[in-house]
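Colleague: One structure, as C-alpha cells, below. Some questions next.
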Amino acid sequence: MPFPFTLPTTSPISYPTFFTSPSPPSLPLLASSHRGTLRNALKAHKRLPPASQAANIPHIITLLTKYTTHLLTLTTALEDNTAFLLPAAPQFTTSWRATLTPPTRRGRLAGESPRIARNGLSYEIFFTLSTLAYAHTLQALNQLHQVLASPSAAAAATPAPADPQQLFNLAAANLLTAASVYEHLLTRPRPPSAETWPVELTPPALAALSAVNMADATLVAVVKQDPYPTWRKVNDSVLFQVVPGTAAVAARMPTGREIHSVGVWEAPRLGAEEMRALRMEGAVGVGMEGLEEDSGEEEEPAKVEYAGKGGYY
1 MPFPFTLPTT
11 SPISYPTFFT
21 SPSPPSLPLL
31 ASSHRGTLRN
41 ALKAHKRLPP
51 ASQAANIPHI
61 ITLLTKYTTH
71 LLTLTTALED
81 NTAFLLPAAP
91 QFTTSWRATL
101 TPPTRRGRLA
111 GESPRIARNG
121 LSYEIFFTLS
131 TLAYAHTLQA
141 LNQLHQVLAS
151 PSAAAAATPA
161 PADPQQLFNL
171 AAANLLTAAS
181 VYEHLLTRPR
191 PPSAETWPVE
201 LTPPALAALS
211 AVNMADATLV
221 AVVKQDPYPT
231 WRKVNDSVLF
241 QVVPGTAAVA
251 ARMPTGREIH
261 SVGVWEAPRL
271 GAEEMRALRM
281 EGAVGVGMEG
291 LEEDSGEEEE
301 PAKVEYAGKG
311 GYY
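Numbered according to the UniProt record's numbering, the sequence shown spans residues 1 to 313.
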C-alpha cells in the first residue's frame, strides 16, 4: 500500500508585497489569491476526520494544480525579466509544516511536525510540488482501499461499486504522477540555501520517494492480473470463483509490458491565451473584483526556524 502522507500546512504570504508584474499586472495578486485558497483548504483538511479526508483529496489536488500554475508562471516571468522584485521589498520567506521531519524542539507536542521557514521562491516551489505528489499518492491509496478492502467495508464506503480494473488503473496513474513530480524536483536548480532545507526536500529523499511510488505502481500492475480474486460475501452467501487451470493462469501472468515507466511531468503554466486575457483585464481594470490577498490570521503562533538571507531564488 502507498504511504499515508500527512498533508502539510503553511503560513500566509502576499506576493504583491514582494513582486510586481507590468504585464500582466494581476499575476502576483492571482498567485497570492490561489495560495490563500489552498492554505485555507489545507487547514480545513487537517481538521477533517480521517473518514472524510479521503473524499477531500481531489479538491486539494485541483487547488494545488491551480496554485502551481500561477506560481510557476510568476517564476518564469521573473526569469524572463517580465516581472520584478520590488526594490524596498522585505526578504521573501515562507514557512511550511514539514510532515516528514521529526520534531527537534523540547516541549513540542507528541506527533506535531515542526514548521520550518526558509527564504526564496525555490523553497516555495519545492514544498508546493512535494505536497502535490503527496496528494496524488493519497488519492491512489484511497482508490486501492476501495478495491482491496473487505466486501463489508467497501460496501459501506462506496454506495455504487466502481470497476476494480478502473480503480487499479487510476491508482497506478496517480502513483506514476507522484513519481514524475519527484523526478521533476530532482532536475530543478537548487539554490545554495537548499543545504538547510528539511530532509523531505533533499535529493536522496526525493529519489527514494520517486522509487517507492514507482514500486507501488508496478505492484498495482501485478495485483491487477491476480487470477485468484478474494472471496466475497453477498447477502450472507459466500460466492467463489472457479479456480482457473494452468493454461489460464499462464495466460494472465504479467509479461513485462504491464510494468510502467515514469514519464516526464509537464509543469503547468498559464498559456498564451490566458496571459493575453490577464493583460486585457489589467488594461481595463476588470476581472479582479473577487481576488483577495493571502493575509489571513494564523490559527496558532508560528513556530519557525529561520535560515540565513538570500535572494528570491
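Where a beta carbon is used, it is the ideal one built from N, C-alpha and C, also for glycine.
How many whole angstroms separate the CB atoms of P12 and L74, which I take to be in contact at a CB cut-off of 8 Å?
Modeller: Between L74 and P12 the Cβ distance is about 17 Å, and since that is not below 8 Å, they are no contact.
Colleague: Rounded to whole angstroms, how far is the Cβ of A98 from the Cβ of S113, which I believe are closer than 8 Å?
Modeller: Confirmed, Cβ separation roughly 6 Å.
Colleague: Looking at the secondary structure, which residues open and close the alpha helix (DSSP H) in which T142 lies?
Modeller: Here residue 142 is Asn; the residue named in the question, Thr, does not match the sequence. Element bounds for N142: 121-148.
Colleague: Within 10 angstroms of its Cβ, does S180 collect 16 or more other Cβ (buried), or is it exposed?
Modeller: So S180 ends up on the buried side.
Colleague: In this structure, what does DSSP give as the bridge partners for S95?
Modeller: Note: S95 sits in a beta bridge opposite A117.
Colleague: Let me check understanding here. Comparing Cα to Cα, which of L138, I125, A171 lies closest to R188?
Modeller: If we check each option's Cα against that of R188, I125 comes out closest.
Colleague: Check for me: the alpha helix (DSSP H) holding F168 runs from which residue to which?
Modeller: Run containing F168: 164-187, per the alpha helix (DSSP H) assignment.
Colleague: Going by DSSP, what residues sit across from T10 in a beta bridge?
Modeller: W96, per the DSSP bridge assignment.
Colleague: Helix, strand or coil for L85? Go by DSSP, reduced to three states.
Modeller: L85 falls in the strand class under three-state DSSP.
Colleague: Could you check which residue in P49, A133, N169, T17 has the C-alpha nearest to that of A207?
Modeller: Among P49, A133, N169, T17, the Cα nearest to that of A207 is on A133.
Colleague: Measuring only the C-alpha atoms, how far is L38 from E274?
Modeller: If you take the alpha carbons of L38 and E274, they lie about 21 Å apart.
Colleague: Quick check on DSSP: helix, strand or coil for T20?
Modeller: Strand at T20.
Colleague: Give the secondary structure of E274 by DSSP, where H, G and I count as helix, E and B as strand, and everything else as coil.
Modeller: Looking at E274 - three-state DSSP - the assignment turns out to be helix.
Colleague: Given a threshold of 16 other Cβ atoms within 10 Å of its Cβ, counted over all protein chains shown, does A55 qualify as buried or as exposed?
Modeller: The residue in question, A55, is exposed, as its Cβ has fewer than 16 Cβ neighbours within 10 Å.
Colleague: May I ask which residues mark the beginning and end of the alpha helix (DSSP H) holding K66?
Modeller: Here the alpha helix (DSSP H) through K66 covers 50-79.
Colleague: I'd like the list of long-range same chain contacts for T10, defined as Cβ closer than 6 Å, with 5 residues on each side in sequence excluded.
Modeller: So the qualifying residues of the chain are R39, W96.
Colleague: Note the first and the last residue of the continuous alpha helix (DSSP H) segment covering T218.
Modeller: T218 -> alpha helix (DSSP H) spans 203-223.
Colleague: Do F168 and L85 count as a contact pair if the criterion is CB distance below 8 Å?
Modeller: No, they are not a contact pair.
Colleague: Apart from the five residues on each side of it in sequence, which residues of its chain come closer than 7 Å, Cβ to Cβ, to Q77?
Modeller: Going by the sequence as given, residue 77 is Ala instead of Gln. Here the set comprises S21, L27, A83.
Colleague: Are the Cβ atoms of L175 and A211 separated by less than 8 Å?
Modeller: Their beta carbons are not under 8 Å apart, which means L175 does not touch A211 by this criterion.
Colleague: Out of curiosity, what's the CA-to-CA distance linking T94 and F127?
Modeller: Straight-line Cα distance between these residues: approximately 10 Å.
Colleague: Out of L7, W197, A171, K46, state which residue places its alpha-carbon closest to the alpha-carbon of V222.
Modeller: Considering only alpha carbons, the answer is A171.
Colleague: Just verifying my parser: in three-state terms, what is the DSSP assignment at V264?
Modeller: Here V264 sits in coil by DSSP.
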